[in-house]
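One structure is given here, and the rest of the page talks about it.
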Amino acid sequence: MAPWNGLSAAELDLLSTLFWSAGGSRHGMAERLGFSRSRANTLIAGLIEQGLLAEAGPRASTGGRRPEQLQLPAELGVLLAVDIGATSLDVAVMQPDLTVLARHAEAVDVREGPGVVLARVRQRLRELLQALGIPARRVLGIGMGVPGPVNFEAGQLVNPPLMPGWDSFSIRDYLREDYAAPVFVDNDVNLMALGELWRLQRGLSNFLVIKVGTGIGCGIVCHGEVYRGAAGSAGDVGHICVDQQGPRCHCGNVGCVEAMAAGPAIVRMAQAAAERGESPALAAVLRTQGRIEAIDVGHASRAGDVAANAIIQRAGSLIGQMLASVVNFFNPSHVFIGGGITQIGPLFLAAVRQSVYQRSLALSTRHLEIQYTPLGTDAGVTGAGVLAMHETLRARGVAP
Numbered sequence: 001m002a003p004w005n006g007l008s009a010a011e012l013d014l015l016s017t018l019f020w021s022a023g024g025s026r027h028g029m030a031e032r033l034g035f036s037r038s039r040a041n042t043l044i045a046g047l048i049e050q051g052l053l054a055e056a057g058p059r060a061s062t063g064g065r066r067p068e069q070l071q072l073p074a075e076l077g078v079l080l081a082v083d084i085g086a087t088s089l090d091v092a093v094m095q096p097d098l099t100v101l102a103r104h105a106e107a108v109d110v111r112e113g114p115g116v117v118l119a120r121v122r123q124r125l126r127e128l129l130q131a132l133g134i135p136a137r138r139v140l141g142i143g144m145g146v147p148g149p150v151n152f153e154a155g156q157l158v159n160p161p162l163m164p165g166w167d168s169f170s171i172r173d174y175l176r177e178d179y180a181a182p183v184f185v186d187n188d189v190n191l192m193a194l195g196e197l198w199r200l201q202r203g204l205s206n207f208l209v210i211k212v213g214t215g216i217g218c219g220i221v222c223h224g225e226v227y228r229g230a231a232g233s234a235g236d237v238g239h240i241c242v243d244q245q246g247p248r249c250h251c252g253n254v255g256c257v258e259a260m261a262a263g264p265a266i267v268r269m270a271q272a273a274a275e276r277g278e279s280p281a282l283a284a285v286l287r288t289q290g291r292i293e294a295i296d297v298g299h300a301s302r303a304g305d306v307a308a309n310a311i312i313q314r315a316g317s318l319i320g321q322m323l324a325s326v327v328n329f330f331n332p333s334h335v336f337i338g339g340g341i342t343q344i345g346p347l348f349l350a351a352v353r354q355s356v357y358q359r360s361l362a363l364s365t366r367h368l369e370i371q372y373t374p375l376g377t378d379a380g381v382t383g384a385g386v387l388a389m390h391e392t393l394r395a396r397g398v399a400p
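Numbering follows UniProt numbering, with no gaps: position 195 of the sequence shown is 195.
Right under this line is the structure:
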């Protein structure tokens, strides 16, 4: 990390702006930063000389001489991106511009505890780096997402409902045994929000990302920054009550939308429908596989199964009921929905939209767009890379 030492705030700001712009020209950087062309050229020339910036060939011409494309050079090092879900693990090695060099995904169960899960994370990262021939000392920063509330400053989970045994465990200390690079930990849906924010090049200032999987969470982007709240628990919408007479949630309360509409709830409803003989398609899946998964409900729905359609519409309606309150409160321009439940198909999204538009104030929804996350299954691991690079730069003095 020696090349970063001694850089001015303006130089670090330029690097950060270039990162969030996914590259740019000299003129473009000057405009974004509010610098004169001469000052921008001087800063850029100095950074190129130090090997912290590179020219990547001419950009498309808009008339006149074609400007040179600037980028963060691969020689800076690599980022490690880790996205841990309740039942999945996705790790990647990336260049500073988030180009993926290597990636691995597998199933995990976070209930096995930090010792087991993080040992697998450590092993997979070692394997990816070894396959690329990259030593640990070239790691610039590490970003990790986890499915629970996080004290962002400490990098620790705080009483995570889905992760027994993880409370106050120091993920940073654990990974520090292998890497000298800084480690940043955040809630998994906040990483999805960061991923979309980077994809949009901060073009949207106020939007939400909803993750629906084993649990339900919300990433909040407010004025172009991820909003985490006073203690890091902002966006924990899965425990908003949608039915006072509903089932008991693992958090101890009743009627939480997570207990009634997340992946496990959809599976329970599907299994009950199959056992009652209400869904021939789901009954066939249960006989063949011995269990039903949420994606099976989606397949049955696409085949015209009435019970499967009703299950999906109920889950989408309940999530939309919760989301309507959030939309009325926050007034976002966009809501992006991601997580494993997106595989269930378009009927789920339609049910969410209908419920939100019915229950929200007209002014809140006049220009509101609700859609699945454009990054899809890449949102979490992309966000982990964004977290690693952005926070590594911020740690060296870049203003937000």
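Just so you know, even glycine gets a beta-carbon here, dropped at the ideal spot from N, CA and C. Since the model is a prediction, treat every value here as computed from it, not as a measurement.
Closest by C-alpha distance to Leu43, out of Trp20, Val297, Ser8, is Ser8. Under the three-state reduction of DSSP output, Asp173 falls in the helix class.
Taking the Cα positions, Gly380 is about 8 Å away from Leu194. For Asn190, there is no enclosing beta strand (DSSP E); the residue is found in the alpha helix (DSSP H) stretching over 188-199. Here Gly376 is exposed: its Cβ has fewer than 16 other Cβ atoms, across all protein chains shown, within 10 Å.
In the displayed model, Leu157 falls within a strand according to three-state DSSP.
Setting aside the 5 residues that flank it on each side, Met94 is surrounded in the same chain by Val78, Leu79, Ala81, Val100, Leu101, Gly385, each with a C-beta closer than 7 Å to its C-beta; the list follows chain order. The DSSP assignment places 294-302, 306-330 as complete runs of the alpha helix (DSSP H) inside the segment 285-343, in order along the chain (cut-off: 4 residues). When rounded, the separation of the alpha-carbon atoms in Pro114 and Leu157 is 11 Å. If you draw a straight line from the Cα of Ser325 to the Cα of Pro73, it is about 44 Å long.
Judged by beta-carbon spacing, Ala273 lies beyond the 9 Å limit of Gly213, meaning their Cβ atoms are not closer than that value. A residue is called buried once 16 or more other Cβ atoms fall within 10 Å of its Cβ, and Ala307 is buried on that count. By the C-beta density criterion, Glu258 is buried, having at least 16 other C-beta atoms within 10 angstroms. Under the three-state reduction of DSSP, Tyr357 is assigned to helix. The beta-bridge partner set that DSSP reports for Ala107 consists of Ser88.
DSSP lists Asp90, Gly145 as the beta-bridge partner residues of Asp83. A contact between stretches requires three or more CB pairs, one per stretch, nearer than 8 Å, and the segment 137-146 fails this requirement with the segment 220-228.
The beta carbon of Asn206 lies closer than 8 Å to those of Val221, Cys222, His223, Phe330, Asn331, Pro332, Ser333 in the same chain, with the five residues before and after it left out.
In this structure the segment 338-350 lies against the segment 361-374, because at least three pairs of beta carbons, one per stretch, are closer than 8 Å.
Taking a C-beta distance under 9 Å as the contact criterion, Ala294 and Ile344 qualify as a contact pair. In this structure, the beta-carbon distance from Arg314 to Ala351 falls below 9 Å. By the Cβ test, the segment 155-174 is in contact with the segment 103-121, since at least three Cβ pairs between them sit closer than 8 Å. If you ignore the 5 residues before and after Asp188, its C-beta comes within less than 8 Å of the C-beta of Asp83, Ile84, Gly85, Gly145, Val146, Pro147, Lys211, Gly217, Gly380, all in its own chain and listed in chain order.
For Arg248, DSSP records a beta bridge to Val254. Excluding sequence positions up to five before and after Leu318, its CB lies within less than 7 Å of the CB of Val242, Val257, Met260, Ala261, all in the same chain and listed in chain order.
In this structure, the CA atom of Leu393 is about 7 Å from the CA atom of Ser16.
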